[in-house]
Amino acid sequence: MSTDNRTIINDCEANTGWSGSDAATAVSDSGLFFQGSNALATQYSNVDENMSTTQDSVGAGTFSLDWSDSTLYMIIKDNLNQNFASGGVQFIIGDATPDTIGYDVGGVDARGVPLSSAFNCYRLDVSVIVTTPGTFQVIAGAEANLVQTACTHIGYGGIHASKAVGAVDNCWMDCFRYIANGSYALTVNGGTVGTPETMADVVGDDVASGWGMVANPFGTQYLFAAPTQWGDTGTASSYFTASGEQWYFVGDNAGGHAIGAGNFPFRLIGNGTGTNSWVLNGVAIVNTGTAAEFDMSNTDMNIVEMDGCSLQGLGAIQLPSSGGTSRFTTNTIFSGCGIITSNGADMSGSSVLTPAISANTSGLIWNENADTTGLLDDMTFSKTAAVAHHAIEFGLNIPTTNITLNGCAFGTDFSNGLDTTVGDETFHFLDTTGTITLNLVGCTGNKGYRSEGVVVTIVDDPVTTQYTVTTDAIPPVVIEGARVFIEASDGTGPLPFEEAVTIVQTAGTATVTHTAHGIPDGTSMVIRGATQNGYNKTAVITLINANSYSYTVDSGTVSPATGSPICSGVLIHDTTNVSGIVSDVRVLSSSQPFKGTIRDSSGSPYYQAATIVGTVSNTTGFTATVALLSDE
Amino acid sequence: MADMLTVTVGTTDYTFDWIAQHIRIEAGVTEVTAADLKTAIGDAQDDVVAIPFPPISTNYNPVTLTGSSSTFLNVVLNDQWRIDSLSGSGTLTVGGGNVVNVNNGIDIFVPNVLVSMVNNTSAAGVLVTGGGGGTAADVWNYILTDGNVAQADLIAALKAAKFAGAVSA
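Which chain is which? The protein sequence lines are H and W, in order.
With the first letter of the first sequence counted as 1, position 555 gets the number 1105 in the working numbering; the numbers rise by one all the way through.
With the first letter of the second sequence counted as 1, position 37 gets the number 199 in the working numbering; the numbers rise by one all the way through.
Spelled out as structure tokens, the structure:
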């Protein structure tokens, strides 16, 4: 079921109030009308001619309407027009003065939306009447004097490519409508779970009612001429589905006059009572002319599923919110679109390619307090040439600890710069304070970032080292609180192994000079061999630079350290959680041999210490379970 | 200092120094049992300070041989770990089990001319409760007749008995 939300100003069923270059004659021949049962026939020649009316056919009187922020629609059958630049098709409006102007909207090269019986739908967005495109024909008065807020005339004008011969009508006018900008001209709802509404149904309604808002010129191709919403704003349920179709959002008249930016919206809208469902599979949506904005984020939409689709040239897109019965936009290509905002639903496998956005903005915005793992997996991003934009913007509401992207491809056009401000870095973090770790697992391409203040750590291809500690009982019981210590066991891995360092202490901060240590900030080192025992410990380090770091010691520790202090990298120094697990996630440039110990002997039940050795693979990590023997 | 840690078992403080590899017994203490020493070592080894260092000792827990006898608790100190009394006089006796060093045998004390230190060890390695004697035969009987014995307990019993001289290699 579909609904036309526009207002008819003249349905061309009768010629009351019509005047102009010729007479208007009501005709009812099959194929000569699209709406109702009549159209108005007239004759245009190869000079500028026009017909207009002062009659509100519904109200059966004259009218004076504010169209200053409205879009007007007319249905015309005329295939002899000059091209757009020559004023082939004109949308006429006028005021009471009269200032009557024919605004160029189309022509033989800009046919609007083709309807059945060779009719076409043309639109005029009055809010951009002069600027887009700004050409017009003055029929009476002056264009500058036209009072858009009190329009009293509407009609159709044009220039034919060839001179009329004889007294034969050669064009037909059939219905003039308008709707305020920002409104949705077409509502699609209805359907059932078993028989959801389809585009064939929508076009069927359109033809039956003579709307001219959608068309199905052939096959599975559908043209949208009007802002459209799917769903039910009352309390009812609605179900819509489409598969393997090609949709065109026509934001102009297939060339010619274009709708104003922001005045071609599409949305999904549900309600808190019924079930509203919108399911697309393998649908390609191409936007021409003014970019259509598409809002799918309404949380009353129970089901929003879009898989294997392609959206090209749309404007800003709000993707579905998380939650609901089922919401996702997976394996979908967004090409040349405006800013895409994820609202938490899964969009794995999708692509954001060459977006039509401005500098220092991002193709995709993630501003959810949730990890991106499983939601943005395996996505592909590409950059628009000559625009310094980002791939992903992380907003102020993201988690405060870490987020993970899996299997994403960023290409090489985004900047690799770390904490730079060019505007073309791959990631853009809007937080101004705190710290955030971005884990990139299996991601390719450049991975630079811009930060508005938050301290960003990018961990590229981390692997997990994990031990589970249990008893030796059958079945084993996990041990919580067992202390696990794992350090580098030789110098073949990326972690330092017993490397000589120098240490000085000031105000309780030990500063270690350790050439090319390669240790990330916030990880642990074990220091041994200093004569001053205060330096010898396992410490979480604060990174200073590639050759130094610091850690906390007693402020009374004699400085500098003497003896032979050496440092080794520590993979894990922690106690097992309630599941008996300790783990570490980090990037390893090569596999890391390790040694260590697991102990739980400070309270009953006592366990014997276990010595562990192994190698953490830099591609698959390391996972093992250790059973501690009782020591009682 | 980072390489030292004091733990308390009962009323006795044990201070562990991982650099010197000394277990310091607080002044005034005249007797330390192997069981308390094992508990103190366990406490210390499980601490954040100790985790980077190798285990201080390897322990062999008592294994019941018969209703009236069991092997001793054997605490085998690793590397060069020794016991140091902080007393300025008197006696320090270590007993209630066998406390030895894996490299130095019964020589487990840091020399101290002011304190007389005694390490009560048993070559038999069997503790008898209420009379009756534990012998090598008891060990073998235990091994051969106890159907529920765990492999780890078997190994521990054999090691303990071997260490105490009850069985030979």
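Even for Gly, the Cβ is constructed at its ideal location relative to N, Cα and C.
> What do you get for Glu599 of chain H, buried or exposed, if any count of 16 or more other CB atoms within 10 angstroms of its CB means buried?
Replying inline: The residue given as residue 599 of chain H occupies position 49 in the first sequence. Around the C-beta of Glu599 of chain H, 16 or more other C-beta atoms lie within 10 Å, and the residue is accordingly described as buried.
>> Measuring only the C-alpha atoms, how far is Ser1109 of chain H from Tyr176 of chain W?
In response: Here residue 1109 of chain H refers to the residue found at position 559 of the first sequence. Here residue 176 of chain W refers to the residue found at position 14 of the second sequence. The straight-line gap from Cα to Cα measures roughly 29 Å.
> Is it a yes or a no for the stretch 563-575 of chain H touching the stretch 763-782 of chain H, going by three-plus beta-carbon pairs under 8 Å?
Replying inline: Touching, no.
>> Taking its Cβ as the centre, do 16 or more other Cβ atoms sit within 10 Å of Pro214 of chain W, making it buried, or is it exposed?
In response: Position 52 of the second sequence, counted from the first residue, corresponds to residue 214 of chain W. Residue environment analysis places Pro214 of chain W among the buried positions, since at least 16 neighbouring C-beta atoms fall within 10 angstroms of its C-beta.
> So, helix, strand or coil for Glu1030 of chain H, using DSSP?
Replying inline: Counting from one through the first sequence, the residue named residue 1030 of chain H turns up at place 480. Three-state DSSP puts Glu1030 of chain H in coil, outside helix and strand.
> Given a threshold of 16 other Cβ atoms within 10 Å of its Cβ, counted over all protein chains shown, does Val608 of chain H qualify as buried or as exposed?
Replying inline: Counting from one through the first sequence, the residue named residue 608 of chain H turns up at place 58. Its Cβ having fewer than 16 others within 10 Å, Val608 of chain H is exposed.
> Just checking, does the stretch 1166-1173 of chain H make contact with the stretch 1146-1158 of chain H on the three C-beta pairs under 8 Å criterion?
Replying inline: Taking a contact to require three or more Cβ pairs closer than 8 Å, the stretch 1166-1173 of chain H and the stretch 1146-1158 of chain H do not qualify as touching.
> Between which two residues does the beta strand (DSSP E) containing Ala591 of chain H stretch?
Replying inline: Along the first sequence, one-based indexing puts residue 591 of chain H at 41. Start and end: 589-592.
>> On the CB-based measure, 16 or more other CB atoms within 10 Å of its CB, does Thr1107 of chain H come out buried or exposed?
In response: Here residue 1107 of chain H refers to the residue found at position 557 of the first sequence. Around the C-beta of Thr1107 of chain H, 16 or more other C-beta atoms lie within 10 Å, and the residue is accordingly described as buried.
> Would you say Ile245 of chain W and Val238 of chain W are within 8 Å of each other, going by their C-beta atoms?
Replying inline: The sequence position of residue 245 of chain W within the second sequence is 83, counting from 1. The sequence position of residue 238 of chain W within the second sequence is 76, counting from 1. No, these two residues do not count as a Cβ contact at 8 Å.
>> Within a Cβ cutoff of 7 Å, which residues of the same chain sit near Gly1058 of chain H, ignoring the five residues on either side of it in sequence?
In response: The residue given as residue 1058 of chain H occupies position 508 in the first sequence. Thr1102, Val1103, Asp1104, Ser1105, listed in sequence order.
>> For a contact defined as C-beta to C-beta under 9 Å, what are the partners of Ile185 of chain W on chain H?
In response: Locating residue 185 of chain W in the second sequence gives position 23, counting from the first residue. Under the 9 Å cutoff, chain H gives no residues; its nearest Cβ is about 15 Å from Ile185 of chain W.
> Unbroken beta strand (DSSP E) runs of length 3 or more, entirely within the stretch 647-690 of chain H: which are they?
Replying inline: The DSSP assignment places complete beta strand (DSSP E) segments of no fewer than 3 residues inside the stretch 647-690 of chain H at 650-656, 670-675, 686-690, in order along the chain.
> What did DSSP end up calling Asn260 of chain W once you bin it into helix, strand or coil?
Replying inline: Numbered from 1 along the second sequence, position 98 holds the residue referred to as residue 260 of chain W. Shown here, Asn260 of chain W sits in a strand according to DSSP, grouped into three states.
> Which chain H residues sit within Cβ distance under 9 Å of Asn221 of chain W?
Replying inline: As a working note, residue 221 of chain W is residue 59 in the second sequence. Residues of chain H passing the Cβ test: Gln1158, Asp1181.
> For a contact meaning CB atoms closer than 8 Å, what does Ile213 of chain W contact in chain H?
Replying inline: Locating residue 213 of chain W in the second sequence gives position 51, where the first residue counts as 1. Within 8 Å of the CB of Ile213 of chain W, the CB atoms of chain H belong to Arg1033, Phe1035, Thr1088, His1123, Thr1147, Arg1149, in sequence order along the chain.
> Rounded C-beta distance between Ala804 of chain H and Gly638 of chain H? I'm assuming under 8 Å.
Replying inline: Taking the first sequence and counting its residues from 1, the one referred to as residue 804 of chain H is at position 254. Taking the first sequence and counting its residues from 1, the one referred to as residue 638 of chain H is at position 88. Not quite, the Cβ-Cβ distance comes to about 13 Å (not below 8 Å), so this is no contact.
> Are the CB atoms of Leu622 of chain H and Leu674 of chain H nearer to each other than 8 Å?
Replying inline: On the first sequence, position 72 is the one that residue 622 of chain H refers to. On the first sequence, position 124 is the one that residue 674 of chain H refers to. Yes. Within cutoff.
>> Quick check: Phe878 of chain H and Asp896 of chain H, are their CB atoms within less than 8 Å of each other?
In response: Taking the first sequence and counting its residues from 1, one reaches residue 878 of chain H at position 328. Taking the first sequence and counting its residues from 1, one reaches residue 896 of chain H at position 346. Taking 8 Å as the Cβ cut-off, Phe878 of chain H and Asp896 of chain H qualify as a contacting pair.
>> Contact between the stretch 1051-1070 of chain H and the stretch 185-200 of chain W is defined here as three or more beta-carbon pairs at a separation below 8 Å; is this criterion met?
In response: Below 8 Å, too few C-beta pairs join the stretch 1051-1070 of chain H and the stretch 185-200 of chain W to call them touching: fewer than three.
>> Within 10 Å of its beta-carbon, does Asn260 of chain W have 16 or more other beta-carbons around it, so buried, or fewer, so exposed?
In response: Walking along the second sequence from the start, residue 260 of chain W turns up at place 98. Under this definition Asn260 of chain W is a buried residue.
>> Quick check on this structure: which residue in H:Thr604, H:Thr922, H:Arg817 has the alpha carbon closest to the alpha carbon of Cys562 of chain H?
In response: Numbered from 1 along the first sequence, position 12 holds the residue referred to as residue 562 of chain H. In this structure, H:Thr604 is the residue among H:Thr604, H:Thr922, H:Arg817 with its C-alpha nearest to the C-alpha of Cys562 of chain H.
>> Within 8 Å of any Cβ in chain H, is that where the Cβ of Gly190 of chain W sits?
In response: Stepping through the second sequence from its first residue, residue 190 of chain W is reached at position 28. No, Gly190 of chain W lies away from the interface with chain H (no Cβ there is under 8 Å from its Cβ).
>> Strictly under 8 Å for the Cβ-Cβ distance: is Asn1127 of chain H near chain W by that measure?
In response: Residue 1127 of chain H sits at position 577 when you count from the first residue of the first sequence. It does not; no Cβ of chain W falls within 8 Å.
> So what's Glu1037 of chain H in DSSP terms, helix, strand or just coil?
Replying inline: Mapped onto the first sequence, residue 1037 of chain H falls at position 487. In the structure shown, Glu1037 of chain H sits in a strand (DSSP, three-state: E or B).
> Does the Cβ of Trp617 of chain H lie closer than 7 Å to at least one heavy atom of the ligand SAH?
Replying inline: The model on display carries no ligand, and the ligand SAH is accordingly not part of it.
>> Could you pull the DSSP bridge partners for Glu772 of chain H from this structure?
In response: In the first sequence, residue 772 of chain H corresponds to position 222, counting from 1. The residue asked about is misnamed: residue 772 of chain H is Tyr in this sequence, not Glu. Residue pairing by DSSP places Tyr772 of chain H opposite H:Trp797 in a beta bridge.
> Is the number of C-beta pairs between the stretch 631-649 of chain H and the stretch 781-791 of chain H that are closer than 8 Å three or more?
Replying inline: Put simply, the stretch 631-649 of chain H does not touch the stretch 781-791 of chain H. Fewer than three CB pairs are less than 8 Å apart.
> If you draw a straight line from the C-alpha of Ala792 of chain H to the C-alpha of Leu1121 of chain H, how long is it?
Replying inline: The residue you call residue 792 of chain H lines up with position 242 of the first sequence. The residue you call residue 1121 of chain H lines up with position 571 of the first sequence. For Ala792 of chain H and Leu1121 of chain H, the distance between alpha carbons rounds to 52 Å.
> Nearest to Leu665 of chain H by alpha carbon, out of H:Val676, H:Ile626, H:Gly652?
Replying inline: Residue mapping note: residue 665 of chain H aligns to position 115 of the first sequence, counting from 1. Answer by Cα proximity: H:Ile626.
> Relative to chain W, which residues along the stretch 1066-1081 of chain H have a C-beta separation below 8 Å, given in chain order?
Replying inline: Correct list: Val1076, Arg1078.
> CB-CB under 7 Å to Ile1077 of chain H, same chain, minus the five flanking residues each way: which ones, in chain order?
Replying inline: Here the question's residue 1077 of chain H lines up with position 527 in the first sequence. When the five nearest sequence neighbours on each side are left out, the beta carbons in the same chain lying within less than 7 Å of the beta carbon of Ile1077 of chain H are those of Tyr1085, Asn1086, Lys1087, Ala1089, Pro1115, Cys1117, in order along the chain.
>> Can you confirm whether Gln242 of chain W, when its beta carbon is compared against all beta carbons of chain H, has any partner nearer than 8 Å?
In response: The residue labelled residue 242 of chain W in the question sits at position 80 within the second sequence. With its beta carbon at least 8 Å from every one in chain H, Gln242 of chain W lies outside the interface.
> Cβ of Pro273 of chain W less than 8 Å from any chain H Cβ?
Replying inline: Counting from 1 along the second sequence, the entry for residue 273 of chain W is found at position 111. It does not; no Cβ of chain H falls within 8 Å.
> Name the DSSP bridge partner or partners of Gln1142 of chain H?
Replying inline: Mapped onto the first sequence, residue 1142 of chain H falls at position 592. According to DSSP, Gln1142 of chain H bridges with H:Val1166.
> Under 7 Å Cβ-Cβ, which residues of chain W neighbour Ser912 of chain H?
Replying inline: Residue numbering aside, residue 912 of chain H sits at position 362 when the first sequence is read from its first letter. Those within 7 Å of Ser912 of chain H in chain W number zero; the least Cβ separation is about 43 Å.
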